[in-house]
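Asker: One structure is given below, represented as structure tokens, and several questions about it will come after.
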Amino acid sequence: MFDHRSDQGPRLRGENGSQRRVGHVPIHVLEDTAEAAFDGCEATLHALFDRPESERCAEVDAILATAPEWLMQYHLSPQRRMVLSWADIPADATVLEVGAGCGAVTGLLCDRAGHVLANEKFATRGEVIARRYADRDNLTVLVGGLDTIMLTEPVDIVVCIGVWEYTGVFLAGDDEDRFVAPFERFLGLLRGLVRPGGRLLLAIENKLGVQYLAGAEEDHLHHGALAGVEGYPDYAGARTFWREEIRRQMDAAGFGDPTFHLPFPDYKMPELVLHEDALERLDVHAAELGGLIPWHRPRLPLINEALLTRALLDEGVMGSFANSFVVDVPA
Ligand SMILES: C[S@@+](CC[C@H](N)C(=O)[O-])C[C@H]1O[C@@H](n2cnc3c(N)ncnc32)[C@H](O)[C@@H]1O
């Protein structure tokens, strides 16, 4: 198990997988996961983050300036950090980032927290994170599923950005009802990893998001704008929820009352993150907010999303129809 309070950061104790190091960053392999790629960008990112820091920055800038391709922007844009740049993360906090991907948000956490445990199911992605932040001395990479993480004591903050929605793919048991049970189990596992008095910061799409009402294809199915509302007829393990469903599930998992933050246009590439209560005081900003649209989703031209956003704001119901949520939940 990991003693994450040791002076040198997390320490391997007993039987807990193999360990090696990339620069300053230890990688603990908790289970043999497939070398497979999640989205196909991993090899490019490996090569990029193998380059010396001096060349790497110019290369990242060049990619961001010249590659309108969504996935590379998603992995590399500094805008990704905005999803949690507002969050209070104490300098002595230990943070566990579950499903850290290729580390788009991990750098922010390392800048703020005392120690970061970046967990990632795919070994290829864990390797990208370690190479990307090889100079950090407050980062440990844990390769393996969330269910393989064992800590000697729970962490202060668990961060989970864009992961819960894939639980029916990556955490489902063979004989399980994949539509409900794994999602509940996922939250139960998170609850066990955060100390009482700590918090969970979780970002996820809203299946009632204004983008879907306006005709954007569903994020995980890549078709069917309102497939989530229709109960995911082509369900293959990825899904999301609306606000009250999230609230109920957090409660059932033993968390406290969640506070919803609304990232505009969404949590993936936020330009603005608002506390839900701020919407009522938004008169001045309503016009700007209506103009923020997630540009990467193909869509049927059903309705002008900017005008629909304005209408939902004026009606005082935008909190239920935001494209995504960042949920801040006390443990
Ligand atoms: C959409 S990506 C988001 C990555 C990262 N959080 C970000 O915002 O860039 C989802 C990530 O979660 C990982 N993941 C999904 N289920 C997981 C699980 N049960 N345990 C650990 N990682 C998981 C996937 O491998 C993938 O890298």
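When you line the sequence shown up against the working numbering, it's residues 2 to 332, in that order. Note that the Cβ used here is the ideal one computed from N, Cα and C, for glycine as well.
Applying the criterion that 16 or more other CB atoms from any shown protein chain within 10 Å of the CB defines a buried residue, is V318 buried or exposed?
Answerer: Exposed, because fewer than 16 other Cβ atoms sit within 10 Å of the Cβ of V318.
Asker: May I ask you to check if the CB of I1 is nearer than 7 Å to at least one heavy atom of ligand 1?
Answerer: A question about residue 1 goes unanswered here, because the residues of the chain that appear run from 2 up to 332.
Asker: Please report the straight-line C-alpha distance between I150 and L31, rounded to a whole angstrom.
Answerer: Taking the straight line from one Cα to the other gives about 7 Å.
Asker: Is N120 a contact residue of ligand 1, with contact defined as CB to any heavy atom under 7 Å?
Answerer: Yes.
Asker: Following a CB-centred definition, is R244 positioned closer than 7 Å to any heavy atom of ligand 1?
Answerer: No, the beta carbon of R244 sits no closer than 7 Å to any heavy atom of ligand 1.
Asker: Looking at the structure shown, is L303 part of a helix, part of a strand, or coil, going by DSSP?
Answerer: If DSSP states are grouped into helix, strand and coil, L303 belongs with coil.
Asker: Quick check: what's the CA-CA separation for L309 versus A279?
Answerer: C-alpha separation (whole angstroms): 19 Å.
Asker: To the nearest angstrom, report how far apart P155 and L191 are at their CA atoms.
Answerer: Roughly 10 Å between the two C-alpha positions.
Asker: Rank W165, H47, L203, A105 by C-alpha distance to the C-alpha of T260 and give the top, closest one.
Answerer: Closest by alpha carbon: L203.
Asker: What does C161 pair with, by DSSP beta-bridge criteria?
Answerer: C161 pairs with L203.
Asker: Taking 7 Å as the cut-off, is the C-beta of A237 nearer than that to any heavy atom in ligand 3?
Answerer: The model depicted lacks ligand 3 and carries ligand 1 instead.
Asker: What does the Cβ neighbour count give for E281, buried or exposed, with the cut at 16 atoms within 10 Å?
Answerer: Exposed.
Asker: Beta carbon of L194, beta carbon of L97: below 8 Å?
Answerer: In contact: L194 and L97 (Cβ atoms closer than 8 Å).
Asker: Contact defined as beta carbons within less than 8 Å: I believe L227 pairs with V159. What is the distance between those atoms, to the nearest angstrom?
Answerer: Not really, about 31 Å apart at Cβ, beyond 8 Å.
Asker: Hey, would you say the C-beta of F180 is under 7 Å away from at least one heavy atom of ligand 1?
Answerer: Result no, Cβ not under 7 Å from ligand 1.
Asker: Could you tell me the distance, in whole angstroms, from the CA atom of A131 to the CA atom of E316?
Answerer: Their backbone Cα atoms lie some 47 Å apart in a straight line.
Asker: If we require 4 or more residues per run, which alpha helix (DSSP H) segments fall completely within the stretch 39-81?
Answerer: With a minimum length of 4 residues, the continuous alpha helix (DSSP H) runs that stay inside the stretch 39-81 are 43-51, 54-67, 71-77.
Asker: On the DSSP letters alone, give me the boundaries of the alpha helix (DSSP H) that T168 sits inside.
Answerer: First-last of the alpha helix (DSSP H) with T168: 168-171.
Asker: Does the stretch 37-49 come close enough to the stretch 124-139 to have 3 or more Cβ pairs within less than 8 Å?
Answerer: The stretch 37-49 vs the stretch 124-139: in contact.
Asker: Let's see if you can read the secondary structure: which residues bound the alpha helix (DSSP H) around I130?
Answerer: 124-133 is the span of the alpha helix (DSSP H), which, as asked, contains I130.
Asker: For ligand 1, I want to know if A105 counts as a neighbour, meaning its beta carbon is within less than 7 Å of at least one of the ligand's heavy atoms.
Answerer: Yes.
Asker: Is the Cβ-Cβ distance between T168 and F187 less than 8 Å?
Answerer: For T168 and F187, yes; Cβs fall inside 8 Å.
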